[in-house]
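Residue numbers 118 to 294, in the working numbering, belong to the letters of the sequence shown in order. What follows is a set of notes on a single structure, which appears directly below.
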Amino acid sequence: MHYTSLYRSPVGEILLAADEIGVVGVWFKNQKYYARCLDQENEPKETPMIKELKKWLTVYFQGKDPGFVPPLHMIGTPFQIEVWNILREIPYGTTTTYNEIAGKIAKYRKLERMSAQAVGTAVGKNNISLIVPCHRVVGTNHSLAGYAGGINKKITFLKLEGAYKNEFFVPKSSTAP
Numbered sequence: 118m119h120y121t122s123l124y125r126s127p128v129g130e131i132l133l134a135a136d137e138i139g140v141v142g143v144w145f146k147n148q149k150y151y152a153r154c155l156d157q158e159n160e161p162k163e164t165p166m167i168k169e170l171k172k173w174l175t176v177y178f179q180g181k182d183p184g185f186v187p188p189l190h191m192i193g194t195p196f197q198i199e200v201w202n203i204l205r206e207i208p209y210g211t212t213t214t215y216n217e218i219a220g221k222i223a224k225y226r227k228l229e230r231m232s233a234q235a236v237g238t239a240v241g242k243n244n245i246s247l248i249v250p251c252h253r254v255v256g257t258n259h260s261l262a263g264y265a266g267g268i269n270k271k272i273t274f275l276k277l278e279g280a281y282k283n284e285f286f287v288p289k290s291s292t293a294p
């Protein structure tokens with residue numbers, strides 16, 4: 118059973134979901150893949166897990182590294198979970214690229230190379246925004262494309278963490294809702 122709650126943040130309403138294992142979802146209203154893994158039957162309830170998640174978000178939106186991560190229950194394919202675990206290793210206030218993540222997976226799997234595009238697809242389907250920090254992934258050329266919550270939110274989070282750089286740019290093919 119998934120339990121849900123809404124969190125009103127400086128960037129808008131966020132749907133939170135957790136089960137007995139951990140946080141299963143953190144979705145911005147109207148984001149791509151909104152509530153993708155949420156049980157059809159769920160219950161609005163302020164569980165201890167959701168209270169801990171709200172505490173994390175409150176500290177984060179104050180511009181601070183929360184210093185802890187609530188328990189997570191990542192729901193996805195084995196490859197997606199592998200990518201998301203690498204995302205969890207990206208320190209607060211820093212960025213990495215899709216290519217760097219692909220390189221780590223290739224090395225771990227003893228492959229010659231791994232597709233950065235496949236990594237990007239997995240990153241985009243991350244259900245636990247902010248906690249699993251997909252906003253910290255940028256293109257090799259410093260492009261800021263590819264954030265399911267919207268490019269403007271990605272920019273906001275990078276600035277909040279002090280990770281935004283002047284060389285970052287939004288490709289013309291991206292929309293910034």
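All residues carry an ideal CB built from backbone N, CA and C; glycine is no exception.
Counterpart residues of residue i in DSSP-defined beta bridges
i: residue 252; result: Looking at the DSSP assignment, residue 252 forms no beta bridge with any residue, so it has no partner.
i: residue 308; result: Beyond the ends of the chain as shown, which are 118 and 294, falls residue 308; an answer cannot be given.
8 Å contact criterion, which residue i and residue j should meet: CB distance rounded
i: residue 176; j: residue 165; result: The Cβ separation is near 17 Å, so there is no contact.
i: residue 254; j: residue 218; result: 7 Å
i: residue 285; j: residue 261; result: 5 Å
i: residue 161; j: residue 207; result: The pair is not a contact, with the Cβ atoms about 32 Å apart (cut-off 8 Å).
i: residue 266; j: residue 188; result: Not quite, the Cβ-Cβ distance comes to about 22 Å (not below 8 Å), so this is no contact.
i: residue 174; j: residue 126; result: 7 Å
i: residue 191; j: residue 156; result: Not quite, the Cβ-Cβ distance comes to about 15 Å (not below 8 Å), so this is no contact.
Reference residue i, options the options, closest by Cα
i: residue 150; options: 246, 257, 271, 242; result: 242
i: residue 144; options: 190, 152, 181; result: 152
i: residue 147; options: 264, 276, 279, 274; result: 264
i: residue 123; options: 154, 163, 137, 157; result: 163
i: residue 178; options: 259, 244, 277; result: 277
C-alpha gap between residue i and residue j, whole angstroms
i: residue 292; j: residue 256; result: Because the pLDDT of residue 292 is 47, which lies under 50, any placement of that residue in the model is unreliable, and the question is left without a value.
i: residue 200; j: residue 167; result: 24 Å
i: residue 159; j: residue 141; result: 12 Å
i: residue 198; j: residue 239; result: 8 Å
i: residue 170; j: residue 235; result: 29 Å
i: residue 282; j: residue 214; result: 14 Å
Any chain B beta carbon closer than 9 Å to residue i
i: residue 180; result: The chain inventory of the structure shown lacks chain B, comprising one protein chain alone.
task = Check whether the segment 230-237 touches the segment 125-133, taking contact to mean three or more Cβ pairs, one atom from each stretch, closer than 8 Å.
result = Fewer than three pairs of CB atoms, one per stretch, sit closer than 8 Å, so the segment 230-237 makes no contact with the segment 125-133.
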